[in-house]
Amino acid sequence: MADAPAARTSLSRLAESYAVILCDVFGVLHDATRVFPAATAALAAFRAGGGTVILVSNAAEPGAHLSELLRARGIPDTYDDLVTGADVARSLLDAAGVRCVHHIGPGRDRVLFEGMPVTPVPVDAAEQIVCTGYPDCDDGLDATLEAAFRRGLPLLCTNPDTSLTVGATRLRFAGLVAERYRARGGIVVETGKPGALIYCRALDKAERLRGRSIEPARVLGIGDTVALDVAGALSHGFAALQIGAAPPPPADASARLYRMPALVW
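When you line the sequence shown up against our numbering, it's residues 5 to 269, in that order.
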């Protein structure tokens with residue numbers, strides 16, 4: 005049996021081995037009700053030592069909007085840049101020249117299309133499906149997915165996560181819609197973690213900031229979710245630091261996998 009992931013008490017004990025941190029937002033910097041100042045202080049200390057920090061989030065908002073939301077929570081700009089699943093989706097829509105999309109998800113998520121020549125339309129008139137979250141009302145969701153599948157429309161999923169239980173409440177995310185579309189045989193493109201597109205974008209940002217290419221072994225991914233943050237980092241050749249008390253993944257890559265209850269310097 006492989007050894008358990010190595011426990012660490014502080015980021016400072018790892019920092020000298022890495023040039024770049026790709027850090028999750030929810031669960032590391034805040035949990036929607038609390039902000040974790042020690043985490044932002046740890047990122048600031050890493051940057052002060054010459055490191056580069058890119059926030060990597062499956063948020064439905066473009067990065068500029070997420071920055072504003074973080075500031076509103078009292079989270080300072082202790083990072084060099086950020087990328088979201090929404091940013092990647094916007095780039096794909098722009099590159100493909102898509103103008104008519106069918107949006108699945110809460111209405112507030114349509115900020116993703118802000119400033120783009122994109123119009124939300126019924127599925128029968130769409131060139132592409134964009135799923136940012138589980139819809140507020142899922143009546144007709146199966147019919148929508150069936151119509152999209154019949155037309156051969158790809159589905160962009162900005163957040164491959166499926167669900168999260170908070171207290172007695174189960175929150176449902178875009179990944180559940182993507183699973184249902186895949187089950188029909190539909191094409192799903194994941195623009196968020198753990199997919200390759202968002203990590204490629206994040207690493208490109210880091211390389212531009214540092215002015216040179218970066219070896220994967222010099223990158224540390226930080227996050228609280230095993231299936232998204234840890235799996236995503238390890239699959240791209242990065243090390244991974246799992247934050248929180250969630251059960252660890254199988255430790256076949258334990259030499260590159262660390263655990264910490266909370267992010268501190």
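Don't be surprised by glycine CBs; every beta carbon is placed ideally from N, CA and C.
(message) Rounded to the nearest angstrom, what separates D4 and G241 at their Cα positions?
(response) Given a span of 5 to 269 for the chain in the structure shown, any question on residue 4 remains unanswerable.
(request) Over the uninterrupted alpha helix (DSSP H) stretch that includes I202, give me the two end residues. (result) Unbroken alpha helix (DSSP H) run through I202: A200 to R214.
(message) The alpha helix (DSSP H) that contains H69, what's its start and end?
(response) G67 to A76
(message) Can you tell me whether G55 is buried or exposed? The criterion is at least 16 other CB atoms within 10 Å of its CB, across all chains shown.
(response) buried
(request) Would you mind sorting D113 into buried or exposed? The rule is 16 or more other CB atoms within 10 Å of its CB. (result) Under this definition D113 is a buried residue.
(request) Would you grab the beta carbon distance between I202 and D228 for me? Rounded to a whole angstrom, and I think it's under 8 Å. (result) Contact between I202 and D228 does not hold, since their C-beta atoms are separated by about 17 Å, which reaches or exceeds 8 Å.
(request) Would you give the residue range spanned by the alpha helix (DSSP H) that S89 belongs to? (result) The amino acid occupying residue 89 in the given sequence is Gly; Ser does not appear at that position. Start and end: G89 to A100.
(message) My output table needs one value for S239: the three-state DSSP class, helix, strand or coil.
(response) If DSSP states are grouped into helix, strand and coil, S239 belongs with the helices.
(request) Could you check which residue in T166, Y185, L160 and C161 has the C-alpha nearest to that of A147? (result) Measuring from the Cα of A147, the nearest candidate turns out to be Y185.
(message) I need the DSSP call for Y262, collapsed to helix, strand or coil.
(response) strand
(request) Return the bridge partner residues of C141 from the DSSP annotation. (result) Answer is none; C141 lacks a bridge partner.
(request) Would you mind stating whether P80 and A43 have Cβ atoms separated by less than 9 Å? (result) no
(request) Within its chain, find whatever has a CB closer than 7 Å to the CB of G111; leave out the 5 residues flanking it on each side and keep chain order. (result) none
(request) Just the C-alpha distance for M5 and L261, rounded to the nearest angstrom, thanks. (result) Because the pLDDT at M5 is just 37, under 50, the model does not fix this residue reliably, and the value given afterwards should be weighed accordingly. Computed Cα separation, rounded: 15 Å.
(message) Checking 9 Å against the spacing of the C-beta atoms, do D84 and R51 come in under that value?
(response) Cβ distance < 9 Å, so D84 and R51 count as in contact.
(request) Within its chain, find whatever has a CB closer than 6 Å to the CB of F153; leave out the 5 residues flanking it on each side and keep chain order. (result) R188 and G190
(request) Could you check the C-alpha separation between N163 and P198 for me, to the nearest Å? (result) 9 Å
(request) Could you pull the start and end residues of the alpha helix (DSSP H) that E4 belongs to? (result) The structure shown has nothing for residue 4, since the chain only spans 5 to 269.
(message) From the DSSP secondary-structure annotation, give me the bridge partner or partners of G227.
(response) Q246.
(message) Taking the alpha helix (DSSP H) that S16 belongs to, which residues open and close that run?
(response) S16 to A19
(message) What does the alpha-carbon distance come out to for the pair F117 and D98?
(response) 10 Å
(message) Please list the terminal residues of the continuous beta strand (DSSP E) segment that includes L159.
(response) L159 to C161
(request) Identify which residue in A178, I218 and V24 has its Cα closest to the Cα of D140. (result) A178
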